[in-house]
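K.L.:
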Amino acid sequence: MNDLLNLLIGLAMGLNLVALGTSRLPSLIRVAALQGMMLGIMPLVIEHEWRVMVLVIAVATVIMKGIVIPALLHRAMRTANIDRDLNPLIGFLPSLLLGAAGMIGAVVLASWLPLLPEHRESLLVAGSLASVFTGLLLLIGRSKAISQVCGYLILENGIYLFGLLLIHSTPLLVEGGILLDLTVAVFVTGIIVDRIQRAFDSLDTRRLTVLRE
Amino acid sequence: MTMDGLMVFAVLVLVAAALSGAWLPRWWLALTLAGTAALLGAAFWTLGGGAEWDWRSGFALGGERLHLRLDAISAWFLALVAVVGGAGAVYAREYWPDRERPESAGRGRGWWSTIVLCMGLVLLCANGLHFLMAWEAFALSAYFLITLERERSQTRAAGWLYLAASHAGTLGLFAFFSLLAARTGSWELGPMRDHPELAPLFWVALFGFGVKAGMFPLHIWLPSAHANAPSHVSAIMSGVAIKMGLYGLIRFSGWLPVPAGAGWVVLTLGAVSAVLGGAFALAQNDLKRLLAYCSVENMGVTLIGLGVGLLGAANGDTAWGRVAMAGALLHVWNHGLFKSLLFFGAGSVLHTTGTREMSRMGGLWRTMPWTAGLFAFGSVAISALPPLNGFVSEWLIYLGLFDAAASHAQVAAVIVPATIALGVTGALALAAFAKAAAVVFLGASRTQAAEHAHECGWWMRGPMLGLAAACTFIALGSVAVWPAIQQPLGAWNPAWRGGEAPAPLAMLGAVQAALAALVAGAVVVLWSRARTNGVRRAMTWDCGYAAPTARMQYTGGSFSALAVGWFAWVLQPQRQLRWPRGPFPRRADHVERIPETVLERVIGPVSDVVMVASSWVRQRQQGHLPDYILYLVAGLAAMGALVVFGNM
Chain A
1 MNDLLNLLIG LAMGLNLVAL GTSRLPSLIR VAALQGMMLG IMPLVIEHEW RVMVLVIAVA
61 TVIMKGIVIP ALLHRAMRTA NIDRDLNPLI GFLPSLLLGA AGMIGAVVLA SWLPLLPEHR
121 ESLLVAGSLA SVFTGLLLLI GRSKAISQVC GYLILENGIY LFGLLLIHST PLLVEGGILL
181 DLTVAVFVTG IIVDRIQRAF DSLDTRRLTV LRE
Chain B
1001 MTMDGLMVFA VLVLVAAALS GAWLPRWWLA LTLAGTAALL GAAFWTLGGG AEWDWRSGFA
1061 LGGERLHLRL DAISAWFLAL VAVVGGAGAV YAREYWPDRE RPESAGRGRG WWSTIVLCMG
1121 LVLLCANGLH FLMAWEAFAL SAYFLITLER ERSQTRAAGW LYLAASHAGT LGLFAFFSLL
1181 AARTGSWELG PMRDHPELAP LFWVALFGFG VKAGMFPLHI WLPSAHANAP SHVSAIMSGV
1241 AIKMGLYGLI RFSGWLPVPA GAGWVVLTLG AVSAVLGGAF ALAQNDLKRL LAYCSVENMG
1301 VTLIGLGVGL LGAANGDTAW GRVAMAGALL HVWNHGLFKS LLFFGAGSVL HTTGTREMSR
1361 MGGLWRTMPW TAGLFAFGSV AISALPPLNG FVSEWLIYLG LFDAAASHAQ VAAVIVPATI
1421 ALGVTGALAL AAFAKAAAVV FLGASRTQAA EHAHECGWWM RGPMLGLAAA CTFIALGSVA
1481 VWPAIQQPLG AWNPAWRGGE APAPLAMLGA VQAALAALVA GAVVVLWSRA RTNGVRRAMT
1541 WDCGYAAPTA RMQYTGGSFS ALAVGWFAWV LQPQRQLRWP RGPFPRRADH VERIPETVLE
1601 RVIGPVSDVV MVASSWVRQR QQGHLPDYIL YLVAGLAAMG ALVVFGNM
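Protein chains in written order, with this note's numbering: chain A, 1 to 213; chain B, 1001 to 1648.
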């Protein structure tokens, strides 16, 4: 069970690097979606007996993160008719190197933390920290509004991974609530992106500095 | 009339005055005078041995019940507020009238009543929270009074400096009162001498009240504010407002226990303020700035008295501490009276010549004999020369210092230098006022404006005469004033309650009266001889010049050049000298400027560094969302590192 979980987390960490390395907006959205789906099936791997609630949450997560949110983002991208290049603030190679360094740092930090014995073997904490770091890196290093939404998605994935540590003590309903928030947030962002595009002819957040004070 | 009724009457009347000031000048004057008279009556009732007035209301402000109390210490300062508040209101009628200042006269009247009311409330509040509120309202109304003439950029700058310094002090007071409330569990104020853990709070109070009192390194706001404010405002600022800082120090050093070193520190700060204030005063060429620095000096003198009082209380409530403390309290009144008189006199000069530069005046006594006489009277008083009142209070402080030096070997180590400092201060003050009175009123007029000066009217002369009369009363009737001094003295330190006046005081009164009679007799004799024989006017020997001019007179700068040289290490005078060259020199000049040393050499550079750092931070504020996330991440990482390495 733990091996399968670690495999999935390892894949998710790999996807982090792909997200940092990709130069196209559609592929970034796809990576975030794929990572979200992997996370969605993790509760099924962790739980020993499959309760209905777990099943519902897993299916809902996969649908939301894997299908609904990416579809919304694609739609926003198409209607806003934006340039699909990412024009990064931090170059792709430096982002990759930073991401790799962050991943190593996450593993080291996870080994330092005073964790419960049953969590020592899994990559949950390391993967969670690495995803949070990747999300922040994307937020800092990419300037398009939609790529920033992807950064938030990956950041949330990291938090979700951390939440899985507590799967036995917190109800998944909380997780479900967070997911709903996120969906609404993405939905709203999709609309705002469209409006920004109409108002400013650009989606580059570097130009949205008028409201800084 | 009961005390409650009197107080309610005073507050209501002053509020009405503040509201009516802008439109009804006559009503305002009547109401302000009625309010200050009521305050004066209440203060004298308490000082005359009446019971302490303590009033609690069910009405809560900011979650705290209103609690006012008038004890002897409050009453001592309240009397000063009332006298100068009333005198200034009369003076302003002619000095700052509607027809000359249509823009600001009404505002000035309103704020005048407000500041009198707020200072009264500061003195009465017995709740820390309400004290802070009243203090802040008082500081703000002082700001609006200073900036009455706000069309001048210098005035605005002075106002800003005052506001900034005042708030730095208020910050200290916020710390003081909230720490006090946190440790005692209540905002209520009152005697808490049996809580030794409260002693360290004295240092916070010393900073907070020290800024307002103009103690030497904290005096930075004082010269420019007092110089640029209208003269009646300078009078209440210098005569009364800075005393509020002193009130705070006396009040809380009496109510709270003080740390062991408090007496030494206050004494040292007082000596430094006195000597350096005197040196700066002597070096000024601006009449009102000279008076302002002289306030720093007199605050120093008062602090010396307070310091000796604290030392005396700490060494077993000795008699010398009591005498010095009495001197400090009396000096509060004296300085309030004669400094207001001098600022009124300076205002009268300023009103007619339109300048504060002493080098543009000269020979004013011919056209303004009343102002010249009253200014000279005030100068004698403030230089602590007998037979006037400044001498009485400084003499009491000297008496305390001498007795302390004679009686206690350990204390003498700091008492003797302080005595010498007080002596030096007296000399500096005398030189400064000899300079001011001589350059402004004697000699020949240096400018057209000075030549065509005219005497002020009775509305301005009256308050000056009243203040001079009060000074004379204290000078000659010091024994009669003693019972009143004893009340705050006993409230400050219960061990000093009651007791006789020090024996030499009665003799001093007789000597003062004899001296005054001698001076008066000499004046009468000289006057009558001048009347009968006539005055022969001749030119001063002019070293053989064929055509002497008024510009060849001694200037204020040349008068004080020697003493400025002694204090060049702190005054740092900036000289620009262009020598006359060739046999027929076209032009030569010598410009000397005395910088505000503390402000320009210490506060200025420090705030420059702060400004550079802040503008660097501001450049990070560009509105780029990714940058903000980066700052967040950096901040989180720093906190994480702190947690990780802090535990190692």
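Beta carbons are placed, not taken as given, at the ideal position from N, Cα and C, and that holds for glycine.
If we count the other Cβ atoms within 10 Å of its Cβ and call it buried at 16 or more, is B/PHE1059 buried or exposed?
P.N.:
Exposed, because fewer than 16 other Cβ atoms sit within 10 Å of the Cβ of B/PHE1059.
K.L.:
Got a sec, what are the start and stop residues for the beta strand (DSSP E) B/HIS1590 sits in?
P.N.:
B/HIS1590 -> beta strand (DSSP E) spans 1589-1593.
K.L.:
Just mark B/GLY1261 as buried or exposed, buried being the case when its beta carbon has 16 or more other beta carbons within 10 Å.
P.N.:
Burial call: exposed.
K.L.:
Please report how far the alpha carbon of A/ASN2 lies from the alpha carbon of A/SER122, in whole angstroms.
P.N.:
The alpha-carbon atoms of A/ASN2 and A/SER122 are separated by roughly 7 Å.
K.L.:
To the nearest angstrom, how far is it from the Cα of B/SER1224 to the Cα of B/VAL1275?
P.N.:
The alpha-carbon atoms of B/SER1224 and B/VAL1275 are separated by roughly 19 Å.
K.L.:
Measuring CB to CB, does B/LEU1124 end up less than 8 Å from B/LEU1070?
P.N.:
Closer than 8 Å, so yes.
K.L.:
Using a Cβ-Cβ cutoff of 8 Å, what residues of the stretch 136-158 of chain A are near chain B? List them in chain order.
P.N.:
So the close ones are LEU136, LEU139, ILE140, GLY141, ARG142, SER143 and GLN148.
K.L.:
Which term fits B/GLN1154, buried or exposed, when burial requires 16 or more other beta carbons within 10 angstroms of its beta carbon?
P.N.:
The residue in question, B/GLN1154, is exposed, as its Cβ has fewer than 16 Cβ neighbours within 10 Å.
K.L.:
Any beta carbon of chain B sitting closer than 8 Å to that of A/LEU89?
P.N.:
It does; some Cβ of chain B falls within 8 Å.
K.L.:
Report the start-end ranges of each alpha helix (DSSP H) in the stretch 59-145 of chain A that is 4 residues or longer and not cut off at the edges.
P.N.:
If we require 4 residues or more, the alpha helix (DSSP H) runs fully inside the stretch 59-145 of chain A come out as 69-80, 92-112, 117-120 and 124-141.
K.L.:
Would you kindly check if the distance between the Cβ of B/ALA1376 and the Cβ of B/ASN1389 is under 8 Å?
P.N.:
It is not a contact, given that the beta carbons lie outside the stated cut-off.
K.L.:
Does the beta-carbon distance from B/THR1114 to B/SER1141 come in below 8 Å?
P.N.:
Result yes, Cβ atoms of B/THR1114 and B/SER1141 sit closer than 8 Å.
K.L.:
For B/LEU1630, return the contacting residues in chain A, with the cut-off set at a CB-CB distance below 7 Å.
P.N.:
Near B/LEU1630 (Cβ distances below 7 Å), the residues of chain A are ILE140.
K.L.:
Taking only three categories from DSSP, how would you classify B/PHE1559?
P.N.:
Here B/PHE1559 sits in helix by DSSP.
K.L.:
Excluding sequence positions up to five away, which residues of its chain have a Cβ less than 6 Å from the Cβ of B/CYS1294?
P.N.:
So the list reads ALA1281, once near-sequence residues are dropped.
K.L.:
Where do the N-terminal and C-terminal ends of the alpha helix (DSSP H) with B/SER1089 fall, by residue?
P.N.:
For the sequence presented, residue 1089 of chain B should be read as Ala rather than Ser. Run containing B/ALA1089: 1072-1095, per the alpha helix (DSSP H) assignment.
K.L.:
Taking any Cβ of chain A, which residues in the stretch 1610-1644 of chain B have a Cβ under 7 Å from it, in chain order?
P.N.:
Under the 7 Å Cβ criterion, the stretch 1610-1644 of chain B contributes GLN1621, GLN1622, GLY1623, HIS1624, LEU1625, PRO1626, ILE1629, LEU1630 and VAL1633.
K.L.:
Nearest-angstrom Cα distance between B/ARG1156 and B/VAL1233?
P.N.:
Rounded to the nearest angstrom, the two C-alpha atoms are 15 Å apart.
K.L.:
So, under 8 Å CB-CB, B/ALA1043 and B/ALA1075 are touching, yes? Tell me the CB distance rounded to an integer number of Å.
P.N.:
With a Cβ gap of about 4 Å, B/ALA1043 and B/ALA1075 count as contacting.
K.L.:
DSSP three-state call for B/ARG1578: helix, strand or coil?
P.N.:
Residue state, collapsed to three classes: strand.
K.L.:
Does A/ALA217 come out as helix, strand or coil in the three-state DSSP assignment?
P.N.:
Because chain A in this structure spans residues 1 to 213, residue 217 of chain A falls outside the shown range and cannot be described.
K.L.:
Can you find the residues in the same chain that come closer than 8 Å, C-beta to C-beta, to A/LEU11, ignoring five residues on each side of it along the sequence?
P.N.:
Excluding sequence neighbours, A/LEU11 sits near MET38.
K.L.:
Taking C-alpha atoms, which residue in B/GLN1553, B/ILE1250 and B/ALA1404 lies nearest to B/VAL1332?
P.N.:
Of the listed residues, the one whose Cα sits closest to B/VAL1332 is B/ILE1250.
K.L.:
Figure out for me which residue from B/PRO1626, B/HIS1452 and B/HIS1130 has the closest Cα to the Cα of B/SER1186.
P.N.:
Of the listed residues, the one whose Cα sits closest to B/SER1186 is B/HIS1130.
K.L.:
Using the rule of at least 16 other Cβ atoms within 10 Å of the residue's Cβ for burial, across every protein chain shown, is B/GLU1394 buried or exposed?
P.N.:
With 16 or more Cβ atoms within 10 Å of its Cβ, B/GLU1394 is classed as buried.
K.L.:
Take the Cβ of B/GLY1582 as the centre, count every other Cβ of all protein chains shown within 10 Å, and call the residue buried at 16 or more, exposed below.
P.N.:
Counting Cβ neighbours within 10 Å, B/GLY1582 comes out exposed, since fewer than 16 surround it.
K.L.:
Please state the DSSP three-state secondary structure of B/PHE1202.
P.N.:
Correct three-state label for B/PHE1202: helix.
K.L.:
Measure the alpha-carbon distance for B/VAL1188 versus B/ALA1126 and round it to whole angstroms.
P.N.:
Sequence check: residue 1188 of chain B is Glu here, not Val. C-alpha separation (whole angstroms): 6 Å.
K.L.:
Check for me: the alpha helix (DSSP H) holding B/SER1273 runs from which residue to which?
P.N.:
First-last of the alpha helix (DSSP H) with B/SER1273: 1262-1283.
K.L.:
So who's on the other strand from B/CYS1125, going by DSSP bridges?
P.N.:
DSSP output for B/CYS1125 lists B/LEU1068 as bridge partner(s).
K.L.:
Would you report the Cα separation of B/GLY1270 and B/THR1367, rounded to the nearest angstrom?
P.N.:
Cα-Cα distance, rounded: 39 Å.
K.L.:
For B/ILE1629, which option in A/ALA185, A/PHE162, A/LEU44 and A/THR134 has the closest C-alpha, if you only look at C-alpha atoms?
P.N.:
With distances taken between Cα atoms, B/ILE1629 lies closest to A/THR134.
K.L.:
Measuring alpha carbon to alpha carbon, tell me which of B/ALA1413, B/ALA1404 and B/HIS1226 ends up nearest B/ARG1322.
P.N.:
That would be B/ALA1404, whose Cα lies nearest to the Cα of B/ARG1322.
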